[in-house]
Structure formats: structure tokens, C-alpha cells
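Trainee: Pasting a structure below so you can have a look.
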Amino acid sequence: MSYYHEGVDENAFQDNLLAWYRENQRELPWRINQDPYRVWVSEVMLQQTRVETVIPYYERFMEWFPTPEDFAKAEEEKVMKAWEGLGYYSRVRNLHTAVKEVVESYGGKVPDNKKDFSSLKGVGPYTAGAVLSIAYEQPEPAVDGNVMRVLSRVLLVTDDISKGKTRKQFEEVIPTLMGGTPPSEFNQALMELGALVCTPKSPGCLLCPVQSQCEARKQGVQQELPVKGKKKAPALKEMAAIIIKDSKGKFLIHQRGSKGLLARLWEFPNTEAEATSSQKVDLETFLKEEYGVEAAAGDSVQNVQHVFSHLVWDITVYEGTLKNADEIKGNCKWVTMEEARKLAFPVSHQKILKTIEEEEA
DNA sequence: AAGACGGGGTG
DNA sequence: CACCCAGTCTT
């Protein structure tokens, strides 16, 4: 790694950073204490997710599941509902598995050593370092995107931060930079600086407490850092979905499998089908073969465009007429709107749910 | 080492 | 529209 570590005055860096953090840190619900469970939940929610988005989810999660024991015994439906709309749903399935293990194998106490804590589902190098430092005051690095951006500028690191190797190099530099400062404050200060001042587009160098320790600032290249490889464009998937109601006004929904995209979430029956081909016939064949449901696809009533990080769904939604569902199979069920509201749907299918709700109103 | 895995906010 | 966000797991 090419960095100018020897060029940075560590004592001045620590003093300036911590003084700034003590004055400028935000009041956040997971900062009211250092309870390891609360810190852990916040760190998982915050993965790839903005603070403002997380706050309401976090508050509700802590109302529903105040302790590891409460969460461990929760039903899967409620666990998924707690995460509905947050994305990256494997986070909550892994967290549930991990907290159950904490209750069963560690007496409900979150492990305070790296080996045990890191072995839990969904706990990677960042989360391990964050919880051990923030909740247990251990001098572990917690290197996230904010920290890499700040340090790539302060230390003038030009390596690609999307590479795993680069993150490890930053982790090796942290102990020296952290020195004898309180680990919880130091790590959070670095992240807070990245979130509030040392931002991606136009960093607020004039307001920055460590601008005189920043190599990129000295050379005027802060805008060019960090270096990050480009992502490829998401692939397009054309889908057809259908709304089918039975004689009692209940509609048919399906639960996705336990692996892959949107695992364990509920959805309207749908299949990949190019809009140029006959989507209606594809849908009818799919329903009969996969769910044992005979129905006729009628007019299209809605079009849903949904963008994921790696693909785009273009869903044409049809209205269906039920003919026969005596031999229903697959993970399907008929639900009322009230029942559906207790289940977790991906945002793309919440849009379809909304259409039905408006029709019924 | 690269790709899968969500959703929303920003310039 | 492109990029980013308190990353981890699988292949």
C-alpha cells in the first residue's frame, strides 16, 4: 500500500478528531448506552444503509425485541416484517440465527472476544470490530466505507478500496492511529467525520478538524479519492405478475424460497417472461405447473419498474380470473388485505398491494 | 477475486 | 442517471 503514514502527526490527529467528535456527534438512538445487543443490531441495520433510513426501523425493532431473548424467540414472520423495506434481507435472517446462538450457547451475553463473536452468522470483520470497540472498548479496527474514504485522503492512499486487500491494509494502520484513545470514540469519530464532513462528492475541508494532517488536502487531490472500481450496469429482467381473487375476495400470494434474492418474502405469483412474447400464456402455464392453479390472465392493470443493485425488474401486472384451485401446491396461500399486512413484501410487490388496496377502497 | 444481495437519497 | 451508503456470504 502506498501511503504517507509517516507524514501524519498521530497525536495531533487524535486530539483534533476526538475534540471535534465530542462537540459534533449526532444524538442517535443506538448511542444512548453501550449495550452490546443494541450496538450490534444498529451495526447490522447500518450496513449499506443510511442513518436516517435506519432510525425508525431501529426504534421499532427495539420496541418489538428489547433483549436478545425477545428476538431469539420471535416468529420468522415478525422478524421479516421488522426488516420489510430495508433491503439485504439475509442480514436479518443471519442476525436471528446469530442471536439465537447467543441465547443458547452464551447465556444471552454477546461474546466479548473476537473469535467467538466473529464466528456468528452475518458478523464480518467490520461488524466484529465495531461491536468489540463500541460496546466493549477493545482497540479493534472498524473499517467501513466512511473510514476508507477518510483515511484514503488523510494518508493519500491510491489503492482501489473495492479490493479486499485494501481494507485489510487500513485495518493494519488503525492501531497506530488509534493509539491509546478510547476505541469506541475513536472509531465512531472516524465514521462520523466521513458522514458529516469528509463526504464523497465535495468534502468540507474548511470545516475539517484534521485538515492540517490531511495529505490529500495538502496536495489538493481530495476530490479524486478514494479510488474505486466501477460497477457494471444491472441486467434487465422482464416479468409478468398476476392478481387472482377467489370467490371470497382473498387474493393469491406466494412465499419465496430460503435462498437468493428476497428470500422468504411474500409476492404475487410471477414469472420471468419477455414482454414481446405472450406473457399471458406464460403466466397461465406457470400458474398451472408450479401452483396447480387454473386461471385466465386478463388485462394488464399496472407496470412496475424496480431497480436493484445488480438487476432491474420490469413487471407487467395482469388481472386474473380464477377457474380452478382445488389442487393448489407450492408455497402459496389465499389472504385478505388485513392478513397480507402482517407479512413482509419486497417494495416492488408492495406497489402491487397498493393497487389492490385502492381498487377495494 | 468477483458477484449476489435492496432500497433510497443525492448531485 | 451514476454513485453512495456504519458489508457479508457464496462461488
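Residue numbers for the first sequence follow our numbering, so the first one is 5 and each next one is one higher. Glycine residues also receive a C-beta, built at the ideal position from the N, C-alpha and C atoms. Just so it is clear, the structure is predicted and the values come from calculations on it, not from any experiment.
#1: Return the chain-ordered list of same chain residues with a C-beta closer than 8 Å to the C-beta of glycine 133, the five sequence neighbours on each side being excluded.
#2: Count Cβ pairs between the stretch 22–33 and the stretch 88–105 that sit closer than 8 Å; are there 3 or more?
#3: Tell whether a beta-carbon distance below 9 Å holds between alanine 244 and threonine 280.
#4: Which class does phenylalanine 65 belong to by DSSP, given the choice of helix, strand or coil?
#5: Just how far apart, CA to CA, sit proline 230 and glutamine 52?
#6: Helix, strand or coil, according to DSSP, for alanine 301 in the structure here?
#7: Tell me the rounded alpha-carbon separation between glycine 264 and serine 216.
#8: Assuming phenylalanine 369 is part of the alpha helix (DSSP H), what are its boundary residues?
#9: Tell me phenylalanine 255's beta-bridge partners as DSSP assigns them.
#10: Is DSSP giving glutamine 306 helix, strand or coil here?
#11: Could you tell me which uninterrupted alpha helix (DSSP H) segments, each at least 4 residues in length, are contained entirely in the stretch 30–64, listed from first to last along the chain?
#12: With DSSP collapsed to three states, give me the class of glutamine 354.
#13: Can you name, in chain order, every residue of its own chain whose Cβ lies under 7 Å from the Cβ of phenylalanine 69, other than the five neighbours on each side?
#14: Output yes or no for whether 9 Å exceeds the beta carbon distance between glutamate 266 and tyrosine 93.
#15: Quick one: what does DSSP say lysine 222 is sitting in, helix, strand or coil?
#16: Which whole-angstrom value describes the C-beta separation of serine 313 and proline 213, a residue pair presumed to lie in contact below a C-beta threshold of 8 Å?
#17: Starting from glycine 324, follow the alpha helix (DSSP H) in both directions and report where the run begins and ends.
#18: So is glutamine 309 buried or exposed if we call it buried at 16+ other beta carbons inside 10 Å?
#19: Hey, out of Val135, Glu63, Arg260, whose CA is closest to lysine 337's CA?
#20: Taking the C-alpha atoms as reference points, what is the distance between threonine 71 and valine 225?
#21: Going by the DSSP bridge assignment, what does alanine 244 pair with across the sheet?
#22: With C-beta atoms as the reference, is glutamate 298 less than 9 Å away from lysine 327?
#23: Considering only their Cβ atoms, is the gap separating methionine 195 from valine 151 smaller than 9 Å?
#24: What are the partner residues of tryptophan 270, as DSSP defines its beta bridges?
#25: Under a three-way DSSP split, which group does valine 231 fall into?
#26: So, helix, strand or coil for alanine 23, using DSSP?
#27: Which same chain residues, not among the five before or five after threonine 325, have their C-beta less than 7 Å away from its C-beta?
#28: Since glycine 128 is in the alpha helix (DSSP H), which residue starts that stretch and which ends it?
Mentor: With the given structure in hand:
#1: The beta carbon of glycine 133 lies closer than 8 Å to those of Glu144, Pro145, Ala146, Val147, Glu175, Asn191 in the same chain, with the five residues before and after it left out.
#2: In short, these stretches do not touch, since the Cβ pair count stays below three.
#3: No, these two residues do not count as a Cβ contact at 9 Å.
#4: In the structure shown, phenylalanine 65 sits in a helix (DSSP, three-state: H, G or I).
#5: Roughly 17 Å separates the two Cα atoms.
#6: Three-state DSSP puts alanine 301 in a strand.
#7: Those two C-alpha atoms are separated by around 47 Å.
#8: Beyond the ends of the chain as shown, which are 5 and 365, falls residue 369; an answer cannot be given.
#9: Answer is Lys249, Val339.
#10: In the structure shown, glutamine 306 falls within a strand segment according to DSSP collapsed to helix, strand and coil.
#11: Fully enclosed alpha helix (DSSP H) runs of no fewer than 4 residues occupy 40–50 of the stretch 30–64, in order along the chain.
#12: Per DSSP, reduced to three states, the secondary structure at glutamine 354 is helical.
#13: Taking C-beta separations shorter than 7 Å and ignoring five residues to either side along the sequence, the partners of phenylalanine 69 in its chain run Phe75, Ala78, following chain order.
#14: It should be pointed out that residue 266 corresponds to leucine in this sequence rather than to glutamate. Less than 9 Å separates the beta-carbon of leucine 266 from that of tyrosine 93.
#15: Note: lysine 222 maps to helix in three-state DSSP.
#16: About 33 Å separates the two Cβ atoms, so there is no contact after all.
#17: Run containing glycine 324: none in the alpha helix (DSSP H); it sits in the beta strand (DSSP E), 315–328.
#18: Glutamine 309 should be labelled exposed.
#19: Answer by Cα proximity: Arg260.
#20: Their Cα atoms are separated by approximately 46 Å.
#21: Answer by DSSP bridge pairing, in chain order: Thr275, Thr320.
#22: Yes, they are a contact pair.
#23: Judged by beta-carbon spacing, methionine 195 lies within the 9 Å limit of valine 151, meaning their Cβ atoms are closer than that value.
#24: Tryptophan 270 is bridged to Gln259.
#25: Valine 231: coil per DSSP, three-state reduction.
#26: The three-state secondary structure of alanine 23, taken from DSSP, is helix.
#27: The residues are Ala299, Ala300, Gly302.
#28: That residue, glycine 128, is in no alpha helix (DSSP H); it is neither H nor E in DSSP.
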